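Asks: I have a structure I would like to understand better, so I am pasting it below and will then ask my questions one at a time.
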Amino acid sequence: MWSSPHVFTHTVLYAAAALLSQGHCQKKVTAAFTDAATNISFQRFFGAKTSFAFGIALPEAPNNSFIGQLSFPLSDGAGWGGWSLTDDMKGPLLMAALGRRHESLTDNFKARPIATGTSVNSSSLTYTFLCEECLDEALELVATAATGTAKMGWALGSNKVENSASPAAMLNFHHLGFGGFQAQLAEARSAQFDQWATMAGAPLAPAAGASLIESEKKKKKEKGKDEIKGGVG
1 MWSSPHVFTH TVLYAAAALL SQGHCQKKVT AAFTDAATNI SFQRFFGAKT SFAFGIALPE
61 APNNSFIGQL SFPLSDGAGW GGWSLTDDMK GPLLMAALGR RHESLTDNFK ARPIATGTSV
121 NSSSLTYTFL CEECLDEALE LVATAATGTA KMGWALGSNK VENSASPAAM LNFHHLGFGG
181 FQAQLAEARS AQFDQWATMA GAPLAPAAGA SLIESEKKKK KEKGKDEIKG GVG
């Protein structure tokens, strides 16, 4: 029986080469979207080829919190999707979700699930949450950025995550796609934010950090750098 998805958040070293050019990011911009289950209005990125989606809603007077919604397809219950607060995806807050019942998170921020907007089955996953203390300089996106736009990143994989019940599970490479998009944060602000936030439940329990697998191409590149640094003789 399907229950809530396994979700973990981590300030990660995102090993797959995900640095994206500004020109590439500008081609993909969030648009207004209202979730039918919660009636929350988001600025949402949607990938037509992958069906990966991430939406964000902010208070009218931005603070350090936001409401997010992560949605993507699963393959017979397997797979994972993730997003980050910058298009770099190296160091900033990354949240990843997969189709499991266990939930956990790491670091000082709090993710409070919104049950009305959360569902998972063998073919898809949607996770809606209130993220508190998530807009911070240490996480590379501050509340003042909500007056304009911000570059964010996404990633998607369909392979089964081994030991997925563990918060220390290792994510497979995002072979279905990854990239960046422009989040129109100024358009994501709403006077109804506090009302929507009351739907959030208790924060996820703290857990050990998750780690991500490097792509083979990245491993070879890093190995080559180390050999150059080491020199000969």
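Following my numbering, the numbering of the sequence shown begins with 1 at its first residue and continues without gaps. Here a beta-carbon is modelled for each residue, glycine too, at the ideal position from N, C-alpha and C. Nothing here was measured: the structure is a model prediction, and the numbers come from that model.
Can you give the Cα-Cα distance for W152 and G55, rounded to whole angstroms?
Replies: What you label residue 152 is simply residue 152 of the sequence shown in a count that begins at 1. What you label residue 55 is simply residue 55 of the sequence shown in a count that begins at 1. Strictly speaking, residue 152 in this sequence is Met, with Trp absent from that position. In a straight line, the C-alpha of M152 is about 11 Å away from that of G55.
Asks: Is L74 helix, strand or coil when you go by DSSP?
Replies: Position 74 of the sequence shown holds residue 74. Coil.
Asks: Can you say whether F76 is buried or exposed, counting buried as having 16 or more other CB atoms within 10 angstroms of its CB?
Replies: As a first step, residue 76 is located in the sequence shown; it is residue number 76 there, counting from the start. Position check: residue 76 holds Asp in this sequence, whereas Phe was assumed. D76 is exposed by the Cβ-count criterion.
Asks: Whose C-beta lies closer than 7 Å to the C-beta of T116 among residues of the same chain, with five residues either side of it excluded?
Replies: Position 116 of the sequence shown, counted from the start, is the residue given in the question as residue 116. Here the set comprises A37, T38 and M199.
Asks: Pairs of beta-carbons, one from the stretch 112-126 and one from the stretch 181-190, closer than 8 Å: are there three or more?
Replies: Three or more Cβ pairs closer than 8 Å define a contact, and the stretch 112-126 falls short of that threshold against the stretch 181-190.
Asks: What's the gap between the Cα of T118 and the Cα of A53?
Replies: Here residue 118 refers to the residue found at position 118 when the sequence shown is read from its first residue. Here residue 53 refers to the residue found at position 53 when the sequence shown is read from its first residue. Taking the straight line from one Cα to the other gives about 14 Å.
Asks: May I ask you to report which of helix, strand or coil DSSP gives G117?
Replies: By 1-based counting over the sequence shown, the position of residue 117 is 117. G117 falls in the helix class under three-state DSSP.
Asks: With the cut-off set at 9 Å, would you say N63 and L176 are in Cβ contact?
Replies: Start at 1 with the first residue of the sequence shown, and residue 63 comes out as number 63. Start at 1 with the first residue of the sequence shown, and residue 176 comes out as number 176. Their beta carbons are not under 9 Å apart, which means N63 does not touch L176 by this criterion.
Asks: Look at the alpha carbon of F42 and the alpha carbon of K28, and state the distance between them as a whole number of angstroms.
Replies: Within the sequence shown, residue 42 is the residue found at index 42, counting from 1. Within the sequence shown, residue 28 is the residue found at index 28, counting from 1. For F42 and K28, the distance between alpha carbons rounds to 16 Å.
Asks: Would you decide whether G68 is buried or exposed? Buried here means 16 or more other CB atoms lie within 10 Å of its CB.
Replies: Translated into the one-based positions of the sequence shown, residue 68 becomes position 68. By the 10 Å Cβ count, G68 comes out buried.
Asks: Using the C-alpha atoms, what's the distance from S190 back to L130?
Replies: The residue labelled residue 130 in the question sits at position 130 within the sequence shown. The residue labelled residue 190 in the question sits at position 190 within the sequence shown. L130 and S190: Cα-Cα distance of roughly 14 Å.
Asks: Return helix, strand or coil for T50, following the three-state DSSP convention.
Replies: The residue you call residue 50 lines up with position 50 of the sequence shown. Coil, per DSSP.
Asks: Which two residues bound the contiguous beta strand (DSSP E) that contains A36?
Replies: Here residue 36 refers to the residue found at position 36 when the sequence shown is read from its first residue. Premise fails: A36 is in no beta strand (DSSP E) and is neither H nor E.
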